[in-house]
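First up is the structure itself, then whatever we jot down about it.
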Amino acid sequence: MNKEEKFKAIISENSDRIRRICRYYNGNQEDQKDMYQEVLVNIWKSLDNFRGDAAITTWIYRVSVNTSLTFTGKAYRRMKLLVYGDMQKVTTVIDDESLTEKLKKEQLLNQLQTELNQLPVMDKALISLMLEGISMKEIADIIGITEPNVKVKIHRIKTQLKEKLKNIDHENI
Amino acid sequence: MKTFEQQTENNGLSHLVSKLKTEDSTYANISKVIQIMYWLFIPLFLIMSVLEYNKTGNTDELISGAGFLLGFLIFALLFGKYYNEYKYVDYSQPTVKMLRQAVHRYQPFQGRMIWVLLALICIDIGLTFDKKGDAQIMETQIVFIGAVVFGLIVGLIIWNFKYKPFRDDAIRLLREIEG
């Protein structure tokens, strides 16, 4: 299989995955398209370095996350974590049953999204991978830190979010 | 049967691939030019210097030629190395590793600057031994050092506006991730 065939095969198998990552980081469709295009370019450029020692999905996530972090420099300043789709995944960020029930109220869900958007860039990257349903070990492989470190960071983010949402919930009561 | 959206996507992908292949071949051509410089220009210059020495018997000519030759050789080797390193950034590395490399790549003064300095000294030797008389030598030094300092200032200004923001962002992200 030559480079072009390999590239096309990878894209056809992973385009939805890449698009989802691009959607996490960009609010408008034009930016999503630009970032998607840039991820494809970087996949092509990095393809010669793919030795198969990581799973292809891990490799794709690495390229996507790294591209989104460096996306023409603008992503740093106005990057947004946009939570779409199923409530079950979103509520995994808050593994507190009473709060999860309350979260189903639209206002709290909106608040969760606002809080997620205010996270530091790297925390957003970790949460976006978590929302993709990726294991802690794989997240560690993508970011390049240890698995316990990923667990600690995600636990810290969740605790902070829970605290903030609890406070908001109390204020509303 | 393919949907309209799939067909559009496939067409877009083929267009992108052809653009990327063109870019790859442009890079390959630049690399070829560097190789030609290594293998043709440098030996040619060496032969010319030896012939000149044989004709005049002047040792200064030989030292001057050797200075230029060494300077060009170091620059050619450095350029080839930098070119391969900077051609593509590998985005498939773990984020932390990629960021560390970005910090290193975009720092203005690196260890290998010593080689640049050495190449400049060699060229300066080449220029100095090529001139006759103190006045001519002094004039050459002023022009050469002036040009180097000017180049350094322009380079630092470009770095400050173009590359420093990347480096600052990479450092900030590394602190966030490792902090």
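These protein sequence lines map, in sequence, to chains Y and L.
Using the working numbering, read the first sequence as starting at 1 and increasing by one per residue.
Using the working numbering, read the second sequence as starting at 174 and increasing by one per residue.
For every residue, glycine included, the Cβ atom is placed at its ideal position computed from N, Cα and C.
Rounded to whole angstroms, the separation of the alpha carbons of residue 304 of chain L and residue 310 of chain L is 6 angstroms. Between residue 29 of chain Y and residue 23 of chain Y, the gap from beta carbon to beta carbon reaches 7 angstroms or more. Only those residues of the stretch 130-148 of chain Y whose C-beta falls short of 8 angstroms from the nearest C-beta of chain L are listed: 141, 142, 143, 144 and 145. For residue 193 of chain L, the C-beta contacts it makes with chain Y under 7 angstroms involve 41 and 44, in order along the chain.
The closest CA to that of residue 137 of chain Y, considering only Y/116, Y/4, Y/25 and Y/55, is found on Y/55.
Short of 6 angstroms from the beta carbon of residue 238 of chain L, and not among the five residues preceding or following it, lie these beta carbons of its own chain, in chain order: 222. Residue state for residue 191 of chain L is assigned as helix, using DSSP reduced to three classes. Within chain L, the residues placing a beta-carbon under 8 angstroms from that of residue 4 of chain Y are 190 and 194, ordered along the chain.
Below 8 angstroms, enough C-beta pairs join the stretch 292-300 of chain L and the stretch 238-255 of chain L to call them touching: three or more. Chain order gives the chain Y residues near residue 270 of chain L as 144, where near means a beta carbon separation below 7 angstroms. In the three-state DSSP reduction, residue 243 of chain L falls in the helix class (H, G or I). Residue-level contact check: residue 255 of chain L does not touch chain Y, since none of the beta carbons of chain Y fall below 7 angstroms from its beta carbon. Following the DSSP letters along the chain, one finds residue 41 of chain Y inside the alpha helix (DSSP H) bounded by residues 29-46. Judged by DSSP in its simplified three-state form, residue 279 of chain L adopts coil rather than helix or strand. Taking 7 angstroms as the CB threshold, residue 14 of chain Y stays off the interface with chain L. Put simply, the backbone Cα of residue 331 of chain L is about 14 angstroms away from that of residue 282 of chain L. Nearest to residue 6 of chain Y by C-alpha distance, out of Y/52, Y/19 and Y/124, is Y/52. Around the beta-carbon of residue 292 of chain L, 16 or more other beta-carbon atoms lie within 10 Å, marking it buried. Scanning the stretch 98-153 of chain Y for uninterrupted alpha helix (DSSP H) segments of 4 residues or longer gives 106-117, 121-131 and 136-143, listed from N- to C-terminal end. In the structure shown, residue 202 of chain L falls within a helical segment according to DSSP collapsed to helix, strand and coil.
Under the DSSP assignment, residue 61 of chain Y falls in the alpha helix (DSSP H) whose first and last residues are 56-70. Contact annotation, residue 144 of chain Y with residue 269 of chain L: C-beta distance approximately 3 angstroms; criterion of less than 8 angstroms satisfied.
When C-alpha distances from residue 209 of chain L are compared across L/288, L/253 and L/322, the shortest belongs to L/253. Within its own chain, the residues whose Cβ lies closer than 8 angstroms to the Cβ of residue 271 of chain L, once the five positions on either side in sequence are excluded, are 262, 263 and 264, listed in chain order.
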